[in-house]
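K.L.:
Before I ask anything, here is the structure I am working with.
2 protein chains.
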Amino acid sequence: MSLAGLSLRDLEYLLAVAEARHFGRAATRCGVSQPALSAQVRKLEALLGVTVFERAPGRVLVTPKGEAVLARAARLVAEARALLQFARQEEAPLAGPFRLGAIPTLGPYLLPHLLRPMREAFPAMRPVLSEAQTAQLVEGLRSGALDVALCCTDVEDPTLTTSPVFFEPFLLMHPPDEMPAWPPQADAEEIMLLQEGHCLRDQVLAACGPAAPQGLRHATGLEMLRHMVASGEGCSLMPALAAAALGPIEGLVTYTPLEAGIGREVVMLARGSDPRGPALARLAQLMRQLAPPPARAIGV
Amino acid sequence: MSLAGLSLRDLEYLLAVAEARHFGRAATRCGVSQPALSAQVRKLEALLGVTVFERAPGRVLVTPKGEAVLARAARLVAEARALLQFARQEEAPLAGPFRLGAIPTLGPYLLPHLLRPMREAFPAMRPVLSEAQTAQLVEGLRSGALDVALCCTDVEDPTLTTSPVFFEPFLLMHPPDEMPAWPPQADAEEIMLLQEGHCLRDQVLAACGPAAPQGLRHATGLEMLRHMVASGEGCSLMPALAAAALGPIEGLVTYTPLEAGIGREVVMLARGSDPRGPALARLAQLMRQLAPPPARAIGV
DNA sequence: CTCCCCCATAGGCAGATCCTATCGGCCAGT
DNA sequence: ACTGGCCGATAGGATCTGCCTATGGGGGAG
């Protein structure tokens with residue numbers, strides 16, 4: 015059974031007649047002419063198969079079944095009004111669950127600085143955090159499983175919007191008693207990398223210039239990388255936020271700043287089709303305001 | 015806030031898109047073209063002020079607020095369907111409260127014969143009985159306070175329908191040892207009447223012909239009338255059903271049949287505008303079938 | 001690089017809705 | 001008994017909404 019032909023406006027007309035017990039006054043209240051309202055009520059009665067009103071001379075009576083229909087119609091109209099009111103009430107920006115993904119070499123070190131100010135700026139936001147590599151983040155964005163992603167690779171997907179957040183410098187991570195040359199010499203096997211899939215691996219390789227290592231020796235994460243350096247396996251580059259969070263290891267690992275410009279651009283990705291575009295832009299701007307101070311706070 | 019522009023059909027479209035996650039398939043399911051459905055959904059979103067769907071390339075996503083709107087829309091549509099189904103389901107004839115009025119000289123003696131068969135013929139009917147004089151019954155019908163009325167006066171009101179039920183003869187009620195003449199002699203003061211307002215008073219007066227009494231001696235009801243006859247005050251006419259129900263009083267009151275044609279026509283009145291006209295006609299026919307047998311059963 | 005998928009847009013048509021004007025029935029005041 | 005007023009129904013014309021087919025345009029896959 016379809017709802018074709020059943021109109022909420024006609025139900026309003028019905029209720030108006032029931033209240034006024036008078037077609038003319040009901041029409042005035044509804045803002046239409048009396049014939050228009052009469053015709054619509056008659057049409058609705060035909061559709062329902064119920065004679066709701068008995069047009070008695072001089073007065074309008076309600077039939078027993080009409081009473082029941084009117085009661086249900088009143089509920090329906092009230093709920094419709096509630097729906098309209100609910101839909102139209104202004105909602106806090108980014109309200110509700112907000113799926114935020116980040117790459118593993120960034121999220122654990124950046125998000126702690128962001129979450130509290132974000133909650134203050136968007137009180138109704140309920141962040142749901144996840145950590146994945148860039149490819150999975152992009153797929154999550156496209157499928158709707160994520161709302162925004164923090165990563166570093168320039169994504170050429172035209173359906174995604176890219177908002178710059180900040181530039182994160184790389185620090186040279188090495189044993190204190192062993193200062194490697196930078197940029198590295200040809201086939202510098204002492205440079206260690208993350209395993210395949212991490213965008214940081216590619217960024218470090220790019221930073222190495224022509225003397226990029228083969229990358230045969232790799233770690234599954236930054237913590238492992240730091241411990242490998244501590245054990246004298248070699249050296250590597252560390253993003254500034256991770257270096258600040260993980261810190262040096264007395265007598266085993268220290269960090270040395272490199273020349274300006276060596277690092278990576280952190281961006282916020284979102285779907286271009288997300289209707290909350292303006293709010294997302296404000297979120298990106300908030301991140302831009304927040305990200306540099308912690309980067310300076312690490313003392314590099 | 016008005017419901018103008020909010021259409022249940024559009025809400026159905028919205029739900030179809032939410033289920034199918036695909037405008038084209040939703041349109042097919044709704045039996046309209048894809049552009050038609052797209053336009054209506056877009057219009058509805060504008061009306062609500064909520065972007066329910068995010069048209070992402072290759073897929074359709076639902077926004078957080080859209081989820082809430084969809085949930086309410088689903089409730090609304092379900093209730094609308096329930097209303098349609100409820101309205102369209104066949105209802106037992108004359109179902110619900112049924113206000114039946116009767117004049118005092120008829121109701122208590124006729125209705126006991128009618129009620130059980132009426133309940134069998136119209137099982138869903140819930141009779142609500144009342145007793146009043148003709149003028150009040152007619153007013154009750156016109157105001158909608160009554161559904162049908164049983165009375166005897168020919169009512170000329172063009173808004174009421176009159177269905178004959180049966181002819182109720184009058185019996186001469188008198189002491190057994192004192193058989194009055196009929197028709198009465200001029201100014202026969204031994205003829206006693208009911209008080210003003212009872213149609214039976216006028217009918218008896220009419221039956222008396224030119225020798226009608228002044229009616230100075232009157233009773234408030236048929237029981238009182240019978241007791242007045244029993245006490246030797248005079249005699250009177252008694253409707254057959256009342257005579258059967260009240261019965262003679264041994265040695266004090268007896269009944270004597272009169273020539274055929276002396277009596278009153280009992281009719282059922284209803285509003286001509288009552289939409290249950292056919293069912294009311296069947297009710298009148300049922301009364302016609304039921305009324306004569308009890309009239310004969312009184313043994314007169 | 002091209003074809004396909006999918007939603008949006010454009011233009012025209014048909015039905016629904018509303019309006020004003022009028023009718024017909026009932027009622028009340030003269 | 002007559003007549004003016006009230007009230008809902010009907011008639012006819014204007015307008016608007018909703019739907020259709022055809023097409024556009026962006027994105028994705030082979």
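Residue numbers (the numbering used here), protein chains in the order written: chain S, 15 to 314; chain W, 15 to 314.
C-beta: ideal position from N, C-alpha, C; glycine also.
All values derive from a computational prediction rather than experimental measurement.
Determine the contact status of Ala-254/W and Leu-185/W, defining contact as a CB-CB distance below 8 Å.
P.N.:
Yes. Within cutoff.
K.L.:
Could I get the ranges of all uninterrupted alpha helix (DSSP H) runs contained in the segment 177 to 232 of chain S, with 4 residues as the minimum, in chain order?
P.N.:
Listed in chain order, the complete alpha helix (DSSP H) runs (minimum 4 residues) inside the segment 177 to 232 of chain S are 213 to 222.
K.L.:
Counting only beta-carbon separations shorter than 8 Å, does Leu-62/S have a partner in chain W?
P.N.:
Yes, its Cβ sits closer than 8 Å to a Cβ of chain W.
K.L.:
With a threshold of 8 Å between beta-carbons, can Val-162/W be considered close to chain S, or not?
P.N.:
By this cut-off, Val-162/W is not an interface position.
K.L.:
Compare the C-alpha of Ala-195/W against each of Pro-131/W, Gly-248/W, Met-282/W, Arg-290/W and name the closest.
P.N.:
The option with the nearest alpha carbon to Ala-195/W is Gly-248/W.
K.L.:
Which chain S residues sit within Cβ distance under 8 Å of Thr-65/W?
P.N.:
Correct list: Pro-289.
K.L.:
Measuring alpha carbon to alpha carbon, tell me which residue in Ile-117/W, Ala-88/W, Val-83/W is nearest Arg-102/S.
P.N.:
That would be Val-83/W, whose Cα lies nearest to the Cα of Arg-102/S.
K.L.:
At a CB-CB cut-off below 8 Å, which residues of chain W make contact with Arg-69/S?
P.N.:
Under the 8 Å cutoff, chain W gives Ser-287.
K.L.:
Would you please verify whether the beta carbon of Val-91/S is less than 8 Å from any beta carbon of chain W?
P.N.:
Yes, its Cβ sits closer than 8 Å to a Cβ of chain W.
K.L.:
So, does the CB of Phe-100/W fall closer than 8 Å to a CB anywhere in chain S?
P.N.:
Yes, Phe-100/W lies at the interface with chain S (some Cβ there is under 8 Å from its Cβ).
K.L.:
On the criterion of 16 or more Cβ atoms from any shown chain inside 10 Å, does Leu-230/W qualify as buried, or is it exposed?
P.N.:
The residue in question, Leu-230/W, is exposed, as its Cβ has fewer than 16 Cβ neighbours within 10 Å.
K.L.:
Under a three-way DSSP split, which group does Phe-100/W fall into?
P.N.:
Three-state DSSP puts Phe-100/W in a helix.
K.L.:
Is the shortest distance between the beta-carbon of Arg-23/S and the beta-carbons of chain W less than 8 Å?
P.N.:
It does: the Cβ of Arg-23/S has a partner Cβ on chain W nearer than 8 Å.
K.L.:
Just to confirm, are Ile-205/S and Cys-166/S a CB contact at a threshold of 8 Å?
P.N.:
No; because the gap between Cβ atoms is not below 8 Å, this pair is not in contact.
K.L.:
Within 8 Å, do at least three Cβ pairs link the segment 233 to 245 of chain S to the segment 146 to 166 of chain S?
P.N.:
No: fewer than three Cβ pairs fall under 8 Å.
K.L.:
Work out the CA separation of Gln-199/W and Ser-250/W for me, nearest whole Å.
P.N.:
Going from the Cα of Ser-250/W to the Cα of Gln-199/W covers about 14 Å.
K.L.:
Look up Ser-52/S in the DSSP assignment and say whether it is helix, strand or coil.
P.N.:
Reduced to three states, the DSSP call for Ser-52/S is helix.
K.L.:
Give me the Cα-Cα distance between Met-282/S and Arg-296/S, rounded to the nearest whole angstrom.
P.N.:
Whole-angstrom Cα-Cα distance: 12 Å.
K.L.:
Could you tell me the distance, in whole angstroms, from the CA atom of Cys-213/W to the CA atom of Thr-148/W?
P.N.:
Cα to Cα, the separation comes out at about 7 Å.
K.L.:
I'd like to check one pair, Pro-78/W with Gly-110/S: are the Cβ atoms closer than 8 Å?
P.N.:
In this structure, Pro-78/W lies closer than 8 Å to Gly-110/S by Cβ.
K.L.:
Under the rule that 16 or more other beta-carbon atoms within 10 Å means buried, what is Ala-284/W, buried or exposed?
P.N.:
When all chains shown are included, Ala-284/W counts as buried.
K.L.:
Kindly indicate which three-state DSSP category Arg-39/S falls into: helix, strand or coil?
P.N.:
DSSP places Arg-39/S in helix when its eight states are reduced to three.
K.L.:
By Cβ distance below 6 Å, which residues in the same chain neighbour Gly-121/S in space, the five residues on each side in sequence not counted?
P.N.:
Same-chain partners within the cutoff: Glu-145.
K.L.:
In terms of DSSP beta bridges, what is Gly-277/W paired with?
P.N.:
Paired residue(s): Pro-183/W.
K.L.:
Please confirm if Ala-109/W has its CB atom under 8 Å from at least one CB of chain S.
P.N.:
It does; some Cβ of chain S falls within 8 Å.
K.L.:
Less than 8 Å between CB atoms is the rule here; does Thr-176/S satisfy it with respect to chain W?
P.N.:
So, not an interface residue.
K.L.:
Whole angstroms are fine: how far does the CA of Met-193/S sit from the CA of Val-243/S?
P.N.:
Val-243/S and Met-193/S: Cα-Cα distance of roughly 12 Å.
K.L.:
Look at the alpha carbon of Ala-226/S and the alpha carbon of Leu-219/S, and state the distance between them as a whole number of angstroms.
P.N.:
Roughly 6 Å between the two C-alpha positions.
K.L.:
Identify every run of the alpha helix (DSSP H) within the segment 250 to 307 of chain S, keeping only runs that are complete inside it and at least 4 residues long; order them along the chain.
P.N.:
Here the runs fully enclosed are 254 to 260, 291 to 304.
K.L.:
Under 8 Å between C-beta atoms, does Arg-73/W make it to chain S?
P.N.:
Yes, because at least one Cβ of chain S sits closer than 8 Å to the Cβ of Arg-73/W.
K.L.:
Could you check if Pro-21/S is buried or exposed, using at least 16 other CB atoms within 10 Å of its CB as the buried criterion?
P.N.:
Contrary to the premise, residue 21/S reads as Ser rather than Pro in this sequence. That one is buried.
K.L.:
Do Arg-302/S and Val-179/S come within 8 Å of each other at the CB atom, strictly closer than that value?
P.N.:
In this structure, Arg-302/S lies closer than 8 Å to Val-179/S by Cβ.
K.L.:
Could you tell me the alpha carbon to alpha carbon distance between Ala-256/W and Phe-37/S, rounded to whole angstroms?
P.N.:
The straight-line gap from Cα to Cα measures roughly 45 Å.
K.L.:
Answer with buried or exposed for Arg-133/W, where buried requires no fewer than 16 other C-beta atoms within 10 angstroms of its C-beta.
P.N.:
Per the 10 Å Cβ criterion, exposed.
K.L.:
What in chain W is Cβ-close to Glu-105/S, meaning under 7 Å?
P.N.:
Simply Lys-79.
K.L.:
For the beta strand (DSSP E) containing Ser-144/W, name the first residue and the last one.
P.N.:
Taken as a continuous stretch (DSSP letters only), the beta strand (DSSP E) holding Ser-144/W covers 139 to 145.
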